[in-house]
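Down below is the structure, laid out as structure tokens.
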Ligand SMILES: Nc1ncnc2c1ncn2[C@@H]1O[C@H](COP(=O)(O)OP(=O)(O)O)[C@@H](O)[C@H]1O
Ligand SMILES: [Mg+2]
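Residue numbers (the working numbering), protein chains in the order written: chain A, 457 to 710; chain B, 594 to 813.
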């Protein structure tokens with residue numbers, strides 16, 4: 457479980473996060489949704505420690521990370537995996553070396569153990585034969601899957617995904633979404649996904665939090681979201697008149 | 594892990610730049626001999642003086658500075674663009690999230706590798722310049738080998754050698770640290786990487802020339 461309280465962040469005097477409180481449950485897909493520029497990336501970057509927040513507290517299973525000693529911070533970090541928007545694989549390493557990287561850095565496992573773990577992780581994301589390839593030689597969807605494999609190489613408790621579907625076609629997007637969901641439930645991981653992809657929200661979302669200009673305007677389940685009476689949120693999910701019409705049509709038929 | 598990175602960098606910097614360093618030093622050595630001879634055509638100056646001048650100029654100025662400037666372009670731009678690409682493709686963030694000290698992990702092997710390899714390249718360049726200078730002197734009949742060597746040995750002093758290496762180490766540190774800094778703090782996508790790589794080369798060159806002057810002023 458991750459708890460965030462009163463998270464604030466300004467850049468050059470402009471407040472980008474205006475006090476966010478949230479609780480993210482384990483074994484669930486927690487989604488942060490919102491338009492571009494609403495502060496989704498800054499929120500998770502504060503949570504993983506890439507950006508220092510101005511105010512607020514972040515607790516991982518009760519442990520505060522802010523102001524923590526570097527050594528203890530490092531321990532928590534090894535429980536965190538992150539899937540980046542651009543996959544962020546290391547170009548100079550093969551797929552297998554990418555997945556092995558956290559193991560080589562943080563464990564004292566033998567080469568044989570590492571090979572076994574890498575094979576297991578690659579198998580889990582259905583990329584058994586991609587090991588010797590370089591990131592530039594595989595497709596965007598495959599890169600994302602390698603990113604997931606690298607994120608779960610160590611036994612993680614928390615997984616962050618920043619727009620896992622950006623740049624992917626709808627079918628590949630769903631494959632990635634379902635993979636993330638399966639892994640989340642299998643290992644009881646607290647997963648946080650940033651997205652503005654409506655398909656993902658309805659397909660795999662368990663708990664949704666809507667950010668609007670750096671504030672949390674709404675939270676709830678995907679079934680509750682269509683009935684919310686917040687105009688900004690309605691505008692966001694029904695940005696396309698086609699979907700709005702289809703939904704109203706469906707309501708009338710009921 | 595760190596040691597492996599270090600060898601990778603040394604290999605990239607050293608082997609990668611060897612060709613251009615050889616090419617430049619061979620030609621510079623020959624030109625220096627020809628031009629020195631051209632400027633010294635006076636009957637009462639013994640030809641061995643050409644050996645002295647070529648050796649001393651190569652060691653003191655040409656080899657470290659020209660090699661430094663060339664490597665500022667070759668190594669500086671590649672270090673800066675490599676780190677810059679890692680920055681904009683979020684690979685540095687990925688390291689940080691894992692809890693790897695990205696600056697130490699990425700920058701340290703590059704700077705250390707440069708400091709080990711670049712002075713070696715400077716020594717190779719010096720050697721080649723003197724050799725090619727002697728060769729062209731002998732072949733054109735300006736100064737026979739034995740007189741060139743006589744002059745070269747006359748001038749060779751430990752102080753000159755130390756000064757040459759001082760320059761080499763200073764330039765190696767400047768090129769690598771400036772370029773790594775520019776690359777590591779790149780922002781603004783692909784154009785940002787281009788910008789930081791240009792800045793890396795320009796600043797390295799400027800600081801090489803400036804420190805070249807300072808070192809000469811201090812020690813000569
Ligand atoms: N490092 C930064 N410096 C200044 N402004 C930033 C920085 N990072 C993000 N911002 C600003 O914060 C706002 C929220 O950005 P972000 O969290 O990336 O939005 P998104 O919801 O699309 O992920 C944007 O207006 C962006 O310009
Ligand atoms: Mg974003």
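From the three backbone atoms N, C-alpha and C, an ideal C-beta is built for every residue, glycine too.
Could you work out which residue in the options is closest to residue i when comparing CA atoms only?
| i | options | result |
| --- | --- | --- |
| residue 642 of chain A | A:589, A:648 and A:580 | A:580 |
| residue 534 of chain A | B:652, B:710 and B:692 | B:692 |
| residue 530 of chain A | B:689, B:672, B:683 and B:665 | B:689 |
| residue 640 of chain A | A:487, A:461, A:469 and A:460 | A:487 |
| residue 798 of chain B | B:770, B:608, B:626 and B:750 | B:770 |
| residue 744 of chain B | B:789, B:723, B:713 and B:699 | B:723 |
| residue 773 of chain B | B:637, B:805 and B:680 | B:680 |
| residue 693 of chain A | A:568, A:652, A:707 and A:672 | A:652 |
| residue 706 of chain A | A:682, A:606 and A:492 | A:682 |
| residue 688 of chain A | A:703, A:672, A:481 and A:478 | A:672 |
Suppose contacts are defined by Cβ-Cβ distances below 8 Å. Is residue i in contact with residue j by that definition?
| i | j | result |
| --- | --- | --- |
| residue 612 of chain A | residue 537 of chain A | yes |
| residue 495 of chain A | residue 667 of chain A | yes |
| residue 618 of chain A | residue 669 of chain A | no |
| residue 665 of chain B | residue 715 of chain B | no |
| residue 664 of chain A | residue 489 of chain A | yes |
| residue 764 of chain B | residue 612 of chain B | no |
| residue 753 of chain B | residue 649 of chain B | yes |
| residue 583 of chain A | residue 600 of chain A | no |
| residue 539 of chain A | residue 502 of chain A | no |
| residue 654 of chain B | residue 776 of chain B | no |
| residue 544 of chain A | residue 684 of chain B | yes |
| residue 619 of chain B | residue 768 of chain B | no |
| residue 504 of chain A | residue 473 of chain A | no |
| residue 559 of chain A | residue 570 of chain A | yes |
| residue 606 of chain B | residue 755 of chain B | no |
| residue 628 of chain A | residue 597 of chain A | yes |
| residue 721 of chain B | residue 599 of chain B | no |
Can you give me the C-alpha to C-alpha distance between residue i and residue j, rounded to a whole angstrom?
| i | j | result |
| --- | --- | --- |
| residue 656 of chain B | residue 687 of chain B | 40 Å |
| residue 614 of chain A | residue 647 of chain A | 6 Å |
| residue 561 of chain A | residue 586 of chain A | 22 Å |
| residue 647 of chain B | residue 626 of chain B | 6 Å |
| residue 730 of chain B | residue 628 of chain B | 11 Å |
| residue 791 of chain B | residue 800 of chain B | 14 Å |
| residue 676 of chain A | residue 658 of chain A | 12 Å |
| residue 525 of chain A | residue 784 of chain B | 37 Å |
| residue 735 of chain B | residue 622 of chain B | 14 Å |
| residue 593 of chain A | residue 654 of chain A | 30 Å |
| residue 694 of chain B | residue 513 of chain A | 23 Å |
| residue 728 of chain B | residue 738 of chain B | 7 Å |
| residue 492 of chain A | residue 466 of chain A | 17 Å |
| residue 616 of chain B | residue 810 of chain B | 30 Å |
| residue 552 of chain A | residue 610 of chain A | 14 Å |
Determine the chain A residues that contact residue i at a beta-carbon separation under 8 Å, and present them in chain order.
| i | result |
| --- | --- |
| residue 693 of chain B | 561 |
| residue 683 of chain B | 540, 541, 542 and 544 |
| residue 656 of chain B | Within 8 Å Cβ-Cβ: nothing; residue 656 of chain B doesn't reach chain A, min ~31 Å. |
Using the beta-carbon of each residue, which ones in chain B are nearer than 7 Å to residue i?
| i | result |
| --- | --- |
| residue 534 of chain A | 692 |
| residue 600 of chain A | In chain order: nothing, as chain B lies at least about 13 Å away. |
| residue 672 of chain A | Going along chain B, no residue has its Cβ under 7 Å from residue 672 of chain A, so there is no contact; the nearest lies around 23 Å. |
| residue 506 of chain A | 686, 689 and 690 |
Name the DSSP beta bridge partners of residue i, please?
| i | result |
| --- | --- |
| residue 488 of chain A | A:650 and A:665 |
| residue 633 of chain B | According to DSSP, residue 633 of chain B bridges with nothing at all. |
| residue 637 of chain A | In the DSSP output, where bridge partners are listed per residue, residue 637 of chain A has none listed. |
| residue 461 of chain A | A:513 |
Find the residues of chain B that neighbour residue i, judging by a C-beta separation of less than 8 Å, and give them in chain order.
| i | result |
| --- | --- |
| residue 558 of chain A | 691 |
| residue 530 of chain A | 692 |
For residue i, return the contacting residues in chain A, with the cut-off set at a CB-CB distance below 7 Å.
| i | result |
| --- | --- |
| residue 594 of chain B | 560 and 561 |
At the 8 Å Cβ level, is residue i part of the contact set with chain E, yes or no?
| i | result |
| --- | --- |
| residue 504 of chain A | Absent here is chain E; the protein component of the structure consists of chains A and B. |
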